[in-house]
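Counting along the sequence shown from 1, when you hit position 55 you're at 55 in full-length UniProt numbering, and nothing is skipped either side. Glycine is no exception: its CB is placed at the ideal position from the N, C-alpha and C atoms.
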Amino acid sequence: MKMLYAPHKRVKKNSKKGELRKQNSVQYDDRGRMLYHPDFHPNQGKPFDDDETAYLCKFYEADSLKSLSLALGRLEKSLEYRVAYLKKAGLFDYYRGKWDRQIKA
């Protein structure tokens with residue numbers, strides 16, 4: 001009897017290191033940032049809402065991009081672009097303060 005396996009269950013042998021790796025596993029770019037994976041980035045491609053932007057601005061300097069990426073469900077690269085846009089537009093401090101105002105309310 002022939003057994004069929006789902007593509008995400010297949011295992012290939014990496015000839016360079018002799019290790020086993022799963023297909024569809026998490027991949028990283030040359031800077032160590034995780035590439036798109038639907039399980040970890042469900043909000044990728046959706047517009048940022050005010051709460052997400054406020055959270056990002058509040059914790060950007062205190063937390064790592066990796067953890068913010070997982071918390072918001074977006075790529076690290078898109079968070080970097082968003083922060084750069086907000087700083088250029090002069091809105092970064094506004095959204096950081098908005099998070100504090102929401103917590104106090």
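Residue range of the alpha helix (DSSP H) that includes residue i
| i | result |
| --- | --- |
| residue 106 | Outside the displayed range of the chain (1 to 105) lies residue 106, so it cannot be described from this structure. |
| D50 | D50 to F59 |
| F92 | F92 to K104 |
| Y36 | No alpha helix (DSSP H) contains Y36, which DSSP labels as neither H nor E. |
Burial state of residue i, where buried means 16 or more other Cβ atoms lie within 10 Å
| i | result |
| --- | --- |
| E76 | buried |
| E61 | exposed |
| A54 | buried |
Pick from the options that is closest to residue i, judged by C-alpha positions
| i | options | result |
| --- | --- | --- |
| R31 | L65, K104 and I103 | L65 |
| L68 | S25, A89 and R33 | R33 |
| I103 | K58, Y81, G45 and L70 | K58 |
| Q44 | D93, D63, Y28 and L72 | L72 |
| R74 | L91, A105 and H37 | H37 |
Proximity test, residue i beta-carbon vs the ligand ZN heavy atom, cut-off 7 Å
| i | result |
| --- | --- |
| S78 | Questions concerning the ligand ZN fall outside what the structure shown contains, since it holds no ligand whatsoever. |
Touch test, the region 93–100 against the region 43–57, Cβ-Cβ under 8 Å, three pairs minimum: Result yes; three or more Cβ-Cβ pairs closer than 8 Å.
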